[in-house]
Amino acid sequence: MAIIAPFHEGFVSELVGRPAFLERGGVRATIGRIADFVVEHPEDTFPRIDAVIVKTRAGQRAVPVADLVSLDAEGMLVAAEPTVERPPDDAALYLVEDLFDKQIVDVDGRKVVRINDIEVARTAGSLRVVAADIGVGGLLRRLGAARLVPGLIERIPRSLIAWDNVAPLHDLNPTQIQLSVAEHRLARLHPSELADVISDLSAQDAARVVGSLDDETAADAFEHLDADIQRSIIEDLGTERAADIIEEMDSDDAADLLGELSEERQEELLAEMDAETADDLRELVAYADDTAGGLMTTDYVWIYPHRTVGATIEKLREIAPEREFIYYLYVTDQAEKLLGVLSLRTLLLSSPEATIHSVMDQDIVTVNPDTKAEDVASTIARYDLLACPVTDEHGTLVGIVTVDDAIDAIIPQRLKKKLPRFTKPHQHRRLEQTG
Amino acid sequence: MLGPGFVTASAGNDVGGIATYSQAGAKFGYETLWTLVALTVSLIVVQEMAGRMGAVTGQGLAGLIRENFGLRTTFLAMLALFFINTGITATEFAGIGAAAEIFHVSRYVAVPLATIVVFLLVLRLPNKIVERIFVIFSLIYLSYVVSGVLAHPNWHEVVVGSFVPHVERDPVFLVTVVGLIGTTISPYMQFFLQSAVVDKGSRARDLPAIRADIIVGSILAIVLAGFMIIANGATIFQATQLHHAAPIDIDTAQAQDYARALEPLAGEAAALLFAFGILNAGVFTATVLPLSTAYIVCEAFGLEASLDRRFREAAVFYTLFGGAIVLGAGLVLLVPKDSLLKLIFYAQVVQGVLLPFELILMLLIVNRKRVMGDHVNSTLGNVIGWGTAVVIGGLALVYVWQSVSSAI
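Keeping their order, the protein sequence lines are chains W and F. Position one of the first sequence corresponds to residue 159 (my numbering), numbered consecutively onward. Position one of the second sequence corresponds to residue 293 (my numbering), numbered consecutively onward.
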């Protein structure tokens, strides 16, 4: 059992360089200096420190935490002569070597920052990593300002990130089978927040982060990224993986993305997808960005008029999880000609035996694929719609424009960034913790 | 069209560049041209390393220094970068002041006015637009090419001066060469280029385009620099040789003395053209340099750096760039009028002295396989890179030793 007294909490930079002692016959002998701390399970929420690296005359030695008698700002007293050489290149995490001065994602603040110092504390009998110091205080502590101007650092507001919000970027390894720490912490974010983080990363790290996410998470985040970042990441991922992600995206966003690529590249990616999705996307790509055709999605629910309300509700329950938009149901004939619209509300309030034909609204507002984005938006606003169907010259339903895409198309980019966020972090699914 | 390499190399032809090239030509004729030819190779190799590091790692030079050499080295490097860049900002305002004096406008009016213009440009116009305006106005430097040709230099001497190394025993020759090095390969240019490559999201696959941009940009910038020397050599230096004029003394020369290099082209209007050239260079660099320095320093320390933030949210960032502009402009107002050009010149010399330190850090990083993977330096790159660092370091040492011993 390790006795780490009287140490309670402190910063790694205050411990590094301190002497390590050994007691021989009542006399303390210095055997070396503290160089680093080893964590064997970095994936834990607040990982335990398993060993201390001591720099001795004979080279670096690993002292297991169990051998510590005491550890404080004066130094470290060890129970036995350290004999284990530091393993040259193992899977463990070294706090100073691997993390000091390196970039991490602050998952809570959704920013890329650098670690200035690391806070460790004794909890439940073991020494654990609890926070990353990313503030000016940490910088000054590292530079030795405490000795020059005592009390200066204490006066600076602390800027610590709790360790469960730290996603180190160095451990993102696409070949690794186990989830990296960064990966499972980043996957907690709302897709739009994840997109914020990805935009903040270098192109290299962005590709690695996206590469490490599952297709669905990656697709959700992709929908919120700027076109040039999307393009750069797509180029890095390889055709097959890129096609998988694009397939998971809403069709309007997927088409926008494909539209940014060369025709050659488009075909390569479409060839990797299933034929139906590829055909839909081919049609969508052909429309100009600022028209209804460019904004629309093909991910809507359509039904035949002779069905009953009850059967429709059953069917809807089955397919709804896969669909982007289910609040309106579009009624078409065999030739996909649009006959009427039905809101989810009407559907729920109608008798289950009624036919769709008897309850649908036949007085439909539609736009053409060529209608300008502003006109689509004002149509949606005038009739208080959640989505507006897009039909061709024969009255055939080719897609719908949802209200959020219509708003996106008419609000300038700069303004959008200033709008408040409507979603809170961490409300989305959490991946199960590994290890 | 205008890649980071092109913009960076053009930025090298700032007020300090114009002053240093003019002085080199006016004082030594075509004798320093060969150093520019040698520097072309070094400039390309050094800039290519910076571009490659940016494209491969996705990080700026300051970030890489921090990850590879730790906080203390980074702190010293950033301190040096901030002070030298503030010094260069001062030279830009000195140029603006000197240009104003040519029009008989007091620099006590011109420099505060320019400070306001610079702040407005930084806070109101996107950097990209400022960059484009500058590059367009930079066409004015072509007037040196035309003037250099119209002055009918002895082309045989120009070729000999360009390709046959020649060293004068005059201590001023050494200081001029160190100044030429410092202004042609300024330490900030590598930071600037690497950050620009990263901002563009360039990747290792973009390296051929990055290299082409750097090579073309560097050669164009140095050809312009060469013609500044030739134009000054063919006019001012020629006149002193024929005893039509007293030799140039770099410690007392005034800006308008160098306007004469443009007389073969512009005649009476030479002074106007010259002043406009420095004004453009000065305003641009004073706008871009403090801002990019603040970005670089904040990046290194992980501090908030964005013009979209309020002052309280990015206090260090705003203080750094505002401070560099105000200090730079203030310094110019404190220095006596006759010393403006001297201030400009010696700031370039300091850059030349600091450059080897930067080159050594860069060379160490660019050779680390852990950082650069397959894109570590080639043997040829290392020979030229280390050669440049050693030669410049040697010259800087000799210069420092000379100045110290003469001071004692």
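Beta carbons are placed, not taken as given, at the ideal position from N, Cα and C, and that holds for glycine.
### Task
List the DSSP bridge partners of W:Ser-284.
DSSP, once it has assigned bridges, lists W:Thr-281 as partnering W:Ser-284.
### Task
Using a Cβ cut-off of 8 Å (strictly closer), state whether W:Arg-343 contacts chain F.
no
### Own chain partners of F:Phe-609 with C-beta closer than 6 Å, once the 5 adjacent residues on each side are dropped
Ala-586, Cys-590, Ala-597
### Query
In its own chain, which residues sit with a C-beta less than 7 Å from the C-beta of W:Lys-213, not counting the 5 before and 5 after it?
Gly-190, Arg-191, Ala-193
### Contact check, W:Leu-555 vs W:Tyr-488, beta carbons under 8 Å
yes
### Query
Whose C-beta lies closer than 7 Å to the C-beta of W:Gln-334 among residues of the same chain, with five residues either side of it excluded?
Annotation note: pLDDT 48 at W:Gln-334 (below 50); position unreliable, no value reported.
#### Entry: Cutoff 8 Å: W:Pro-332 Cβ touching any chain F Cβ
Confidence in W:Pro-332 is poor, its pLDDT being 44 and thus under 50, which makes the residue's placement too unreliable to answer from.
### Task
Please list, in chain order, all residues of the same chain as F:Gln-722 whose beta carbon is under 6 Å from its beta carbon, the five residues on each side excluded.
Absent from the model: residue 722 of chain F. The displayed extent of chain F is 293 to 700, so no value can be given.
### Task
Measure from the C-beta of W:Ser-409 to each C-beta in chain F and report whether the shortest distance is under 8 Å.
no
### Query
Of all the options F:Glu-460, F:Asn-305, F:Val-437, F:Val-414, which has the alpha carbon lying nearest to the alpha carbon of F:Ile-636?
Residue F:Asn-305 is the option with its Cα nearest to F:Ile-636.
### Query
Which residues in chain W sit within 8 Å of F:Leu-371, going by Cβ to Cβ distance?
Within chain W, no residue comes near F:Leu-371; the closest Cβ sits about 11 Å away, beyond 8 Å.
### Query
Just how far apart, CA to CA, sit F:Ala-578 and F:Leu-653?
27 Å
### Query
Name the DSSP beta bridge partners of W:Tyr-252, please?
Paired residues: W:Val-196.
### Task
Below 6 Å CB to CB, which residues in the same chain sit around F:Gly-677 once its five sequence neighbours on both sides are set aside?
Val-337, Leu-655
### Task
Answer with yes or no whether the minimum CB distance from F:Gly-615 to chain W is below 8 Å.
no
### Message
Can you confirm whether W:Val-271, when its beta carbon is compared against all beta carbons of chain F, has any partner nearer than 8 Å?
### Response
yes
#### Entry: Of the residues W:Arg-316, W:Glu-277, W:Ile-262, W:Val-271, the one placed nearest W:Glu-341, counting alpha carbons only
W:Ile-262
#### Entry: Residue closest to W:Ala-361, alpha-carbon to alpha-carbon, out of W:Arg-215, W:Ile-391, W:Leu-285, W:Ile-311
W:Ile-391
### Task
With DSSP as the reference, label W:Glu-239 as helix, strand or coil.
coil
### Message
My assumption, with CB atoms under 8 Å, is that W:Ala-377 sits in contact with W:Ile-356. Please give the rounded CB distance.
### Response
Their Cβ separation, rounded to whole angstroms, is 13 Å, which puts W:Ala-377 and W:Ile-356 out of contact at 8 Å.
### Query
Under the three-state reduction of DSSP, which class applies to W:Arg-158: helix, strand or coil?
This structure does not reach residue 158 of chain W, given that chain W is present from 159 up to 593, and the question cannot be answered.
### Query
Tell me, which residues are paired with W:Phe-179 by DSSP?
Beta-bridge pairing links W:Phe-179 to W:Thr-188, W:Leu-235.
### Message
Strictly below 9 Å CB to CB, what residues from chain F border W:Ile-314?
### Response
Near W:Ile-314 there are no residues of chain F at all, since even the closest Cβ is about 12 Å away, more than 9 Å.
### Query
Is it the case that the Cβ atoms of W:Arg-176 and W:Met-234 are separated by a distance below 8 Å?
yes
### Task
Show which residues of chain W have a CB atom less than 9 Å away from the CB atom of F:Arg-660.
Chain W residues near F:Arg-660: none, gap ~14 Å exceeds 9 Å.
### Query
What do you reckon, are the CB atoms on W:Val-197 and W:Asp-208 nearer than 8 Å?
yes
### Query
Roughly how many angstroms lie between the CA atoms of F:Leu-328 and F:Ser-454, to the nearest whole one?
8 Å
### Query
Relative to the C-alpha of F:Glu-449, which residue among F:Leu-417, F:Ala-681, F:Ile-521 is closest?
F:Ile-521
### Message
If contacts are defined as beta-carbon pairs under 8 Å, then F:Val-403 and F:Leu-647 qualify, I think. What distance do you get, rounded to the angstrom?
### Response
That pair is no contact at about 28 Å.
### Candidates F:Gly-673, F:Thr-407, F:Thr-475, F:Val-452: closest to F:Leu-619 by CA position
F:Thr-407
### Query
Along the chain, where does the alpha helix (DSSP H) that runs through F:Thr-532 open and close?
530 to 533
### Query
In chain order, which continuous runs of the alpha helix (DSSP H) of length 4 or greater are located wholly inside the stretch 439 to 488 of chain W?
450 to 453, 467 to 477
### Within 8 Å, strictly: CB atoms of W:Leu-505 and W:Thr-470
yes
### Task
Determine, using beta carbons only, whether W:Leu-298 comes closer than 8 Å to chain F.
no
### Query
Hey, F:Thr-332 and F:Ser-478: beta-carbon distance below 8 Å or not?
no
### Message
So if I threshold CB-CB distances at 7 Å, which residues from the stretch 446 to 464 of chain W count as touching chain F?
### Response
none
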